[in-house]
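Undergrad: Once you know that position 218 of the sequence shown is 218 in UniProt numbering, the rest is easy, because the numbers rise by one and skip nothing.
The beta-carbon is built from N, C-alpha and C at its ideal position, and this holds for glycine as well.
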Amino acid sequence: MTVVSPDARRARASNHTSSVVEQLGRAIVAGEYPAETMIPLDPDLCEMFDVSRTVIREAKKTLSGKGLIQSKAKVGTHVRPPDDWNMFDEDVLRWHSALRSPGRFYDELLEIRLIFEPAAAASAARHANAGDCARLFSLCDLMETSDNRADFAVADYEFHKQVLRLSGNRFLGSLGDMVQTALYALFLVEGEQNFLAIRAEVAQSHREIARAICGGLPGPAGAAMERVIRDGHARTTGTAG
């Protein structure tokens, strides 16, 4: 007889729960279960995903915490309107970025990034020291010399994360996951393009942000960040001139 340890059982249940959350979450965000419609009953979900009722309950609890669904006794579980979803949740952001036509999502992401990232860059210009500046410029160098899209994307994300951290505001610093998801979305869309063609241009535009921050120029730093965000959005939506 094979004996399975309690820890192994818990790990397996956790993996199953994560899988159900991932598949149901993606389906809801993609509109397969429209707002106010009911998702399948627990027995049906158990059969659909070949998991226990305990796994389904935990998955529904997780999705409820993200604002996607709401359960009512003797009624069932319905999908909540998109306006009720937690758009700061990393999974919800990621599921949106994976949509085939996430037009509204990109526009809303542009709007919220324009609210906080230029402000973070301006604040960073008041706080950055020599070591901080060296890090920013080294990330620009990495963007310019990356020979693959993965390294380029990591350097891009780390640059924006560094600017948020340098703002000195913990709330702004905590928004790094949102920026990471935004840049991941760009990474996916630009996968069909030759990143080498835009590598130097993108690195240069980030270098302008670094120069303004390290020159102690809040206004120009914020303006340079806004240009980078708008240019990225234009490439993503195919509106770049």
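Just curious, the alpha helix (DSSP H) that threonine 37 is in, first and last residue?
TA: It is not in any alpha helix (DSSP H) - threonine 37 carries neither H nor E in the DSSP assignment.
Undergrad: Within the continuous alpha helix (DSSP H) that includes glycine 219, where are the two ends?
TA: Counting along the chain, the alpha helix (DSSP H) containing glycine 219 begins and ends at 218-237.
Undergrad: Is it buried or exposed, glycine 219, if we count other Cβ atoms within 10 angstroms and call 16 or more buried?
TA: Flag for glycine 219 reads exposed.
Undergrad: If you drop the 5 nearest sequence neighbours on each side, which residues of the same chain put their C-beta closer than 6 Å to that of phenylalanine 137?
TA: The residues are Ala210.
Undergrad: Rounded to whole angstroms, what's the CA-CA distance from glutamate 111 to alanine 134? Just pull it up for me.
TA: Each residue's alpha carbon lies about 30 Å from the other.
Undergrad: List in chain order: all unbroken beta strand (DSSP E) runs of 3+ residues lying wholly within the region 133-212.
TA: Entirely contained in the region 133-212, not one beta strand (DSSP E) run reaches 3 residues.
Undergrad: Compute the Euclidean distance between the alpha carbons of residue 326 and alanine 223, then round it to the nearest angstrom.
TA: Past the edges of the chain, shown from 1 to 241, lies residue 326, and the structure says nothing about it.
Undergrad: Excluding the 5 residues preceding and the 5 following arginine 149 in the sequence, name in chain order all residues of the same chain whose CB lies nearer than 6 Å to its CB.
TA: For arginine 149, where only same-chain residues beyond five positions count, the Cβ hits under 6 Å are Phe195.
Undergrad: Give every residue of the same chain whose Cβ lies closer than 8 Å to the Cβ of alanine 130, excluding the five residues on either side of it in the sequence, and list them in chain order.
TA: Taken in chain order, the list of residues that qualify is empty.
Undergrad: For the alpha helix (DSSP H) that lysine 61 lies in, which residues bound it at each end?
TA: Looking at the DSSP string, the run of the alpha helix (DSSP H) that includes lysine 61 is 53-65.
Undergrad: Going by C-alpha to C-alpha distance, which of Gln162, Tyr33, Lys61 sits closest to serine 123?
TA: Answer by Cα proximity: Gln162.
Undergrad: Can you tell me where the beta strand (DSSP E) holding arginine 79 begins and where it ends?
TA: It is worth fixing the name first, because residue 79 is valine in this sequence and not arginine. First-last of the beta strand (DSSP E) with valine 79: 76-79.
Undergrad: Is the region 94-104 touching the region 138-157 in the sense that three or more CB pairs, one from each, lie closer than 8 Å?
TA: Touching, no, given that fewer than three Cβ pairs across the two stretches are closer than 8 Å.
Undergrad: Starting from the Cα of methionine 38, find the closest Cα among Val51, Phe49, Lys60, Thr54 and give me that residue.
TA: Cα-wise, what sits closest to methionine 38 is Lys60.
Undergrad: I'd like to confirm the pairing. Which residues does DSSP put opposite isoleucine 69 in its beta bridges?
TA: For isoleucine 69, which the question treats as bridged, DSSP gives the partners Val79.
Undergrad: For lysine 66, which residues from the same chain have a beta carbon less than 8 Å from its beta carbon, with the 5 sequence-adjacent residues on both sides left out?
TA: Same-chain partners within the cutoff: Gly25, Trp85, Asn86, Asp89, Asp91, Val92.
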